[in-house]
Amino acid sequence: MSAPKLKAPRGTFDILGEQALAREALEARAGALLGAAGYERIETPVFESTDLFARGVGESTDIVSKEMFSFEDGSGRSYTLRPEGTAPTCRAYIEHGMHKRRQPVKLWYLSSFFRRERPQDGRYREFWQVGAEAIGSADPAVDAESITLLATLLTQMGVREVRLRLSSLGSPEARGEYRERLQAYLRANEEALSAEVRARIDLNPLRAFDTDHPGTREVMKSAPLLLDHLEQDDLEHFAEVRGMLDDAGLLYEVDPTLVRGLDYYTRTLFEFTSDALGAQSGVAGGGRYDRLVEQLGGPATPGMGWAAGIERILLAGEAQHFAPAPIELFVALGEDGEAARRAAFALLVEARSAGLAAQMELGGRSLKGQLGQASALGARYVAIVGAGETALRDMQGGGQQTVPRDTVVHAVLRSHHEI
RNA sequence: GUGGGCGUAGCUCAGUCGGUAGAGCUCCUGGUUGUGGUCCAGGCGGUCGGGGGUUCGAGUCCCCUCGCUCACCCCA
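Position 80, counted from 1, in the first sequence is what the working numbering calls 77; the numbers after and before it change by one each time, with no gaps.
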C-alpha cells in the first residue's frame, strides 16, 4: 500500500510565480498608501484565545458558531485560528496600552485568516486580507478617511465594476430597540416568511432583509427600517460622514438593509462589491465598532476599520502581467570540472558584492542550455568561464570577447551606468 | 452545511462501441568537433484524484470518497 498523495488542505493554496509577484505589488501599494496616512503595520498571532472571538465577533454569528478552526493545547485551553483581524487588533490595542498614545491609533495589516467554509472561487479556508483600523476617535472624519483610503486602494489595484453601499447601525441601544421592533414585526407576519428566516428571528432578524424568498420579500417591503429609528447624534454622525464622502467625490448608495455577519459594528457600516465577481462579490467591508474595545476589557474606546479580500481584489482586478526583475550577469560554465566551477563561483560572489543581480549555472546544462537559461532570466551579460579564459557576451548586441576574469564585474558595472 | 458540473503527463487538453494511454506547451539533449530567444529531431514525464464493484478485460459502466468549480448560504 502506497502512501496517499500529499496535497494542500481543502480550501488552501500555494502562492507562486506571478501570484506571488502580484501580491507583493498589492502589499507595496497598501503599505505606501496607508503608511502615508499614518497607519502603522501590525501583525498579530495566527491563533488567539477562542474567547477573544466569541466575545468580540459574537457567539451567534456564523463565523463563531460554525466556521472557526479551534483546537486545544495540552492544558485544556482553547485556541482558534484567527477568522478576522479586528478583534485581535483591538486585543493588541488594549494589551499594549495604546489608549495612552495619541489618538486615534491607526494600524494596518496584511495577513491570512481562517474560516471553515465550503470553498469556491474567491472563497477559501485560508484567505488573505489587507485591513486598516483607526482606534480611539469617534470623529466622522475618521470614517470618511478610512473609507476613502480603501476606495483609493481598490482603484489603484484596478478593481473593476466597484460599488459602495453604506448604512448606519446607530448605537447598540437603538439597534436593540429596533431589533425588538423588527422581531415583533416578523413574528406578526411569520406565516409568510421562509423557514430559514423564521428560524433566525431570534438569532439575527436583520438577515430577513437579505432574501430572495418571495413571501419574505413582500413582508420586508413594509418592515421597519433601522435608519428610521436611529438616535439624533447617530443620524448626525452618519450625515456628516456622507457629506465628507460627497465632498471627496465618492459615489455610494445608502442601503438601510445592509447587514454584516459580525456583532461588533455600530454606526457607520459599508461594503464594496464588484460586479466582475460571481456570487462572492464582496471585495471589502467594514465599519465602526465603538463598543468593541470596552467589550474586550479595555477602556471605552471608539474604533473604525475595514478589511479587503486579497484574492477577490486580484480576481476583480485588471489582468496584469508580472515578471521577475531581469538579472544583469549570468555566469556560465565554459568547460566541465572543478577549476571552472570554482572560478565561476568566485566571479558570482564578486559580482554580488559589487551589487549586481547575478546568477550562475546550477543545473548541469550544456552551453547551449546555459545560454538559453541566461536568456530566459533576461540576463544582459553572460560570462563564460573556463579554467583559463573567460569570455564576456552581450546578450542584447550579441557581441562577445575574451577578457581577463577580474575585469568582468567592472565591465558590466560600467556598461550598466552608461545605459 | 445543501444541490448541480468537473477531475487523464508540470500546464492546456484529446481519448470513438469498455480491449491496460496520446497531442501541444514546458523542461533536457542533439542538429552547431560545447555559444541564447526561430526551426528540425529525439528524450524525460501518467498506478487516467483515491478506494471498492461489475467484467475475460475499466480512463471509459456502477458505488463510495477526496478535491476543484457553479449556485444557495455566508463573507473578504
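C-beta: ideal position from N, C-alpha, C; glycine also.
With a CB to CB cut of under 8 Å and the five nearest residues on each side skipped, what residues in its chain are close to residue i?
| i | result |
| --- | --- |
| Gly155 | Gly314, Glu315, Gln317 |
| Gln153 | Arg26, Leu30 |
| Ser(-1) | The predicted position of Ser(-1) is uncertain, since its pLDDT is 45 and thus under 50; a value taken from the coordinates is nonetheless stated next. Once the five neighbours on either side are set aside, Ser(-1) has no close Cβ partner at all. |
| Thr387 | Gly331, Ala340, Leu344, Ala380, Ile381, Thr399, Val400, Pro401, Arg402, Val405 |
| Arg7 | Pro116, Arg122 |
| Pro221 | Tyr175, Arg178, Leu179, Tyr182 |
Beta-carbon within less than 6 Å of residue i's beta-carbon, same chain only, minus the 5 sequence neighbours each way: which residues are those?
| i | result |
| --- | --- |
| Met357 | Val328, Ala341, Leu345 |
| Gln397 | Ala388, Arg390 |
| His407 | none |
| Tyr90 | Ile132 |
| Gly383 | Gly331, Glu332, Ala337 |
Is the separation between the beta-carbon of residue i and that of residue j shorter than 7 Å?
| i | j | result |
| --- | --- | --- |
| Ser57 | Ser67 | no |
| Leu163 | Tyr249 | yes |
| Ala148 | Leu289 | no |
| Tyr36 | Ala135 | no |
Measuring CA to CA, which of the options is closest to residue i?
| i | options | result |
| --- | --- | --- |
| Arg411 | Leu364, Ala351, Met392 | Ala351 |
| Val159 | Ala273, Asp230, Asp243 | Ala273 |
| Phe319 | Leu3, Leu13, Thr9 | Leu13 |
| Gly275 | Ala408, Arg98, Asp118 | Asp118 |
| Arg306 | Ala355, Ser191, Glu81 | Looking at the sequence provided, one finds Gly at residue 306 rather than Arg. Nearest option by C-alpha distance: Glu81. |
| Leu227 | His210, Pro169, Phe206 | Pro169 |
| Thr270 | Ala304, Arg38, Ala373 | Ala304 |
| Lys218 | Asp260, Ala34, Ala189, Pro296 | Ala189 |
| Pro211 | Asp199, Asn201, Ala192 | Ala192 |
| Glu45 | Arg204, Arg88, Phe235 | Arg88 |
Within a Cβ cutoff of 7 Å, which residues of the same chain sit near residue i, ignoring the five residues on either side of it in sequence?
| i | result |
| --- | --- |
| Leu166 | Arg172, Leu223, Tyr262, Thr263, Arg264, Leu266 |
| Asp243 | none |
For residue i, report the span of its alpha helix (DSSP H) as first-last.
| i | result |
| --- | --- |
| Leu18 | 14 to 33 |
| Ala170 | The identity of residue 170 in the sequence shown is Glu, whereas the question assumes Ala. That run of the alpha helix (DSSP H) goes 169 to 185. |
| Phe342 | 335 to 350 |
Locate the beta strand (DSSP E) running through residue i, then write down its first and last residues.
| i | result |
| --- | --- |
| Arg162 | 159 to 165 |
| Gln126 | 123 to 132 |
| Leu266 | 263 to 271 |
| Asp391 | 387 to 391 |
| Ala329 | 326 to 330 |
| Val102 | 102 to 111 |
| Tyr249 | No beta strand (DSSP E) contains Tyr249, which DSSP labels as neither H nor E. |
| Gly279 | 279 to 285 |
(request) Inspect the CB distances between the stretch 52 to 65 and the stretch 266 to 273 and report whether three or more fall short of 8 Å. (result) no
(request) Could you tell me whether the stretch 174 to 186 touches the stretch 131 to 141, using the rule of 3 or more Cβ pairs below 8 Å? (result) no
(request) Indicate whether the contact test is met: 3 or more Cβ pairs, each with one atom in the stretch 94 to 106 and one in the stretch 15 to 26, closer than 8 Å. (result) no
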